[in-house]
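Here is the structure we will look at.
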Amino acid sequence: MQTYIDTQAYQSQLARFCRTGQWEPIPGVHVQHVQQYRRLVYNVIDDMLLNAYPLVYACIEQEEWNELVQLFFSEHNCQSPQVWYMPKEFYLFLHKRQHPLLQKYPQLLNVMEYEWAEIALFMMEDIAVTYTTFGDVLFSKLILNPEHCLLHLTYPVHQKKVNTIHAEDKSCFYVIGHRNREGAVLFTDLSPALVRMIEYLAMQPLSVMQLIQQLENEYAMQLTEKDKNAVLHFFEVALQKQLLLGFSVSSEKKVFE
Amino acid sequence: MVGIGYRKDFAADFAESNDMQPSFIEVAPENWIGVGGYWKKQFQKALEQYPLFTHGLSLSIGSPDPLDFVFLKQVKQFLRQTNAVLYSEHLSYAKCNNAHLYDLLPIPFTEAAIHHVANNIKQVQDFLEERIAIEIVSYYTPVAPELSEIDFINAILQEADCDLLLDVNNVYVNSFNHQYNAKKFIEQLPMHKVKYIHMAGHEKVADDLIIDTHGEAIIDPVYDLFAFTIQQLNRDVPVLLERDFNIPELIQLQGEINRLRDIKQQILQPASYANIY
Chain Z
16 MQTYIDTQAY QSQLARFCRT GQWEPIPGVH VQHVQQYRRL VYNVIDDMLL
66 NAYPLVYACI EQEEWNELVQ LFFSEHNCQS PQVWYMPKEF YLFLHKRQHP
116 LLQKYPQLLN VMEYEWAEIA LFMMEDIAVT YTTFGDVLFS KLILNPEHCL
166 LHLTYPVHQK KVNTIHAEDK SCFYVIGHRN REGAVLFTDL SPALVRMIEY
216 LAMQPLSVMQ LIQQLENEYA MQLTEKDKNA VLHFFEVALQ KQLLLGFSVS
266 SEKKVFE
Chain U
600 MVGIGYRKDF AADFAESNDM QPSFIEVAPE NWIGVGGYWK KQFQKALEQY
650 PLFTHGLSLS IGSPDPLDFV FLKQVKQFLR QTNAVLYSEH LSYAKCNNAH
700 LYDLLPIPFT EAAIHHVANN IKQVQDFLEE RIAIEIVSYY TPVAPELSEI
750 DFINAILQEA DCDLLLDVNN VYVNSFNHQY NAKKFIEQLP MHKVKYIHMA
800 GHEKVADDLI IDTHGEAIID PVYDLFAFTI QQLNRDVPVL LERDFNIPEL
850 IQLQGEINRL RDIKQQILQP ASYANIY
């Protein structure tokens with residue numbers, strides 16, 4: 016009779032085979048049929064990653080993709096019980112690993128970050144916020160949509176076809192992604208000044224006037240009228256796109272909690 | 600009652616049309632825990648209309664690794680929030696060597712595994728404060744077996760004191776792959792423990808191998824085995840139609856649901872069939 020140590024060892028061998036393809040004989044196993052497990056398990060990982068990262072897939076060669084998926088699956092211990100979350104582990108794995116393909120395709124990590132941000136925003140839990148739709152963009156305190164994330168990209172993966180991006184495209188790109196009430200994920204380019212204002216808003220509701228004032232104070236600078244109008248226009252559009260949900264509830268009617 | 604495995608692939612059509620009218624829906628908690636936005640809205644709409652049965656994928660009850668109680672706590676919360684009728688899991692393992700594999704691997708049919716798995720099931724039942732149903736999985740090779748499949752399953756059901764999710768298609772697939780008589784296998788199961796039935800399609804990939812794909816319509820021999828199972832049960836049990844890939848028009852799925860309902864109705868005497876309602 017087998018001890019549980021033996022049983023565990025056989026289970027471990029089968030799991031290792033599924034991940035690496037390296038076969039160590041196990042008593043009673045039908046060697047031809049056991050290949051199906053390797054195929055089925057690999058397909059789950061490959062399909063999930065393909066669905067999560069279509070732009071990465073389009074960016075690199077098929078063989079390179081296969082190599083990445085195999086490397087990830089054989090060497091990384093997937094930790095999330097939720098398979099839809101596993102692609103994030105793929106991104107983190109390649110980031111930590113500093114795989115040579117990241118030299119060949121310097122935009123690759125940015126592409127993954129961008130694609131994962133879209134999934135994470137689309138799937139994330141709802142966050143309840145109290146706000147009103149009655150207010151004035153310039154003077155009322157604005158409520159930022161908490162279902163957002165800020166990205167700092169080195170390559171314009173949100174603007175250009177990813178396989179047409181080259182080393183000379185390298186620069187600094189600030190992007191905010193958010194989920195609107197219909198559940199769609201939208202990305203918006205930001206200037207560094209707007210990034211800072213969004214960060215202020217993430218901490219507390221402020222009016223556009225207050226945001227401008229805080230920025231001017233922090234950086235000891237004076238925005239021109241043209242700049243101030245541009246800021247105001249940005250927040251007006253942000254309100255339409257639901258990057259801003261509305262205004263802080265004070266004496267106004269509460270519409271959502 | 601005949602339900603359907605609720606899939607994101609058809610969620611929108613399902614919400615907007617009357618082409619498919621199941622008695623309940625089933626989901627894997629891990630596909631919905633912590634999910635908001637568009638999918639949560641769709642799921643909520645479905646929950647307003649249908650009772651929910653749940654069928655886990657990642658608990659890995661047969662794993663050599665310890666049970667993940669952090670995850671189990673999330674499952675428990677999900678079951679409470681959704682008012683789920685039942686929670687079931689697979690008699691298999693999906694995590695090993697501290698890594699999820701996201702598929703169902705066969706447990707060696709050994710005495711040692713019986714005690715380990717039964718102990719895990721008991722811990723899960725204690726933690727969830729409810730009985731769970733365990734599904735007999737399809738498998739493509741035995742792994743270091745000491746016992747027959749039927750002895751292994753029955754020993755676990757007895758030692759764990761849990762319910763049985765009888766996947767009739769899996770029994771068919773296993774009987775083909777491992778060359779035994781499916782009806783005799785079903786006759787040896789403790790039918791009083793059957794709480795739930797799964798039905799699905801499969802794919803024959805070689806002369807000696809069927810893969811449980813959930814990607815095809817149910818075939819006639821599996822309907823026949825289902826009829827045999829209902830005869831053996833002689834009582835009504837909720838039945839689920841699983842369809843995970845190659846999803847056809849909803850009206851076609853309704854056709855399969857209708858056929859399952861008809862089979863049950865024909866076999867069960869009016870008195871025993873009426874009991875469930």
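For the protein sequence lines, the chains are Z and U, in the order given. Under the working numbering, the first sequence is numbered contiguously, ending at residue 272. Under the working numbering, the second sequence is numbered contiguously, ending at residue 876. No residue lacks a Cβ here, since even glycine has one placed at the ideal position from N, Cα and C. Remember, it's a predicted structure, so these values are computed and weren't measured experimentally.
For the alpha helix (DSSP H) assignment, the uninterrupted runs of no fewer than 4 residues enclosed by the stretch 737-772 of chain U are, from N- to C-terminal side, 748-759. Classified as buried, His699(U) has 16 or more neighbouring CB atoms from the shown chains inside 10 Å of its CB.
Of all residues in the stretch 38-58 of chain Z, only Ile41, Pro42, Gly43, Val44, His45, His48, Val49, Gln51, Tyr52, Leu55, Val56 come within less than 7 Å of chain U when Cβ atoms are compared, listed by chain position.
At a Cβ-Cβ threshold of 9 Å, Phe202(Z) and Ile191(Z) count as neighbours.
Listed in chain order, the non-local C-beta contacts of Lys782(U) below 6 Å within the same chain comprise Phe827, local neighbours out to five positions each way being set aside.
According to the DSSP assignment, Phe262(Z) belongs to the beta strand (DSSP E) that extends over 259-262. In the DSSP assignment, Tyr68(Z) falls outside any beta strand (DSSP E) and carries neither an H nor an E. Measuring C-alpha to C-alpha distances from Glu615(U) to each of Gly636(U), Gln868(U), Ile731(U), Gln641(U) identifies Gln641(U) as the nearest.
Per DSSP, reduced to three states, the secondary structure at Asp702(U) is strand.
Rounded to whole angstroms, the Cβ separation of Ile713(U) and Phe751(U) is 6 Å, and the two are in contact under 8 Å.
Note on geometry: alpha-carbon atoms of Val200(Z) and Ile796(U) lie some 39 Å from one another. DSSP places Met798(U) in the uninterrupted beta strand (DSSP E) bounded by 793-799.
With a threshold of 9 Å between beta carbons, Leu704(U) makes contact with chain Z. For Arg112(Z), no Cβ of chain U is located within less than 9 Å of the residue's own Cβ. Using a CB distance cut-off of 9 Å, Arg211(Z) does not count as an interface residue toward chain U.
Distance from the Cα of Gln680(U) is smallest, within the candidate group Val669(U), Glu688(U), Ile632(U), for Ile632(U). Going by beta carbons, Phe137(Z) and Gly661(U) fall outside the 9 Å limit. For Asp667(U), the chain Z residues whose Cβ falls inside 7 Å of its Cβ are Pro96, in order along the chain.
At a cut-off of 9 Å between beta carbons, Cys695(U) contacts chain Z. For the stretch 711-741 of chain U, the set of residues with a beta-carbon nearer than 8 Å to any beta-carbon of chain Z comprises Ala711, Ala712, His714, His715, Tyr739, Thr740, Pro741, in chain order. The beta carbon of Ala30(Z) sits closer than 9 Å to some beta carbon of chain U.
The residue among His791(U), Met790(U), Tyr822(U), Ala627(U) with its C-alpha nearest the C-alpha of His801(U) is Tyr822(U).
In the DSSP assignment, Val838(U) falls within the unbroken beta strand (DSSP E) covering 838-841.
Measuring C-alpha to C-alpha distances from Leu765(U) to each of Val838(U), Ala645(U), Val626(U), Ile603(U) identifies Val838(U) as the nearest.
Looking at the DSSP output, Glu688(U) shares a beta bridge with Ile733(U). A direct Cα-Cα distance of roughly 35 Å separates Asp62(Z) from Leu259(Z). Identification of residues in the stretch 125-138 of chain Z having a C-beta nearer than 7 Å to some C-beta of chain U yields Phe137, Met138, given in sequence order. As for any alpha helix (DSSP H) of minimum length 4 sitting wholly inside the stretch 41-108 of chain Z, the runs are 46-67, 69-74, 77-90, ordered along the chain. The beta carbon of Tyr68(Z) sits no closer than 9 Å to any beta carbon of chain U. Counting along the chain, Ala253(Z) sits inside the alpha helix (DSSP H) bounded by residues 240-255. Contact between the stretch 738-747 of chain U and the stretch 42-49 of chain Z is present, with at least three C-beta pairs closer than 8 Å. For Asn719(U), the number of other beta carbons within 10 angstroms of its own is at least 16, and it is reported as buried. Taking 9 Å as the CB threshold, Tyr234(Z) stays off the interface with chain U. Separation of the CB atoms of Pro96(Z) and Phe670(U) is rounded to 5 Å, and the pair is thereby assigned contact status at 8 Å.
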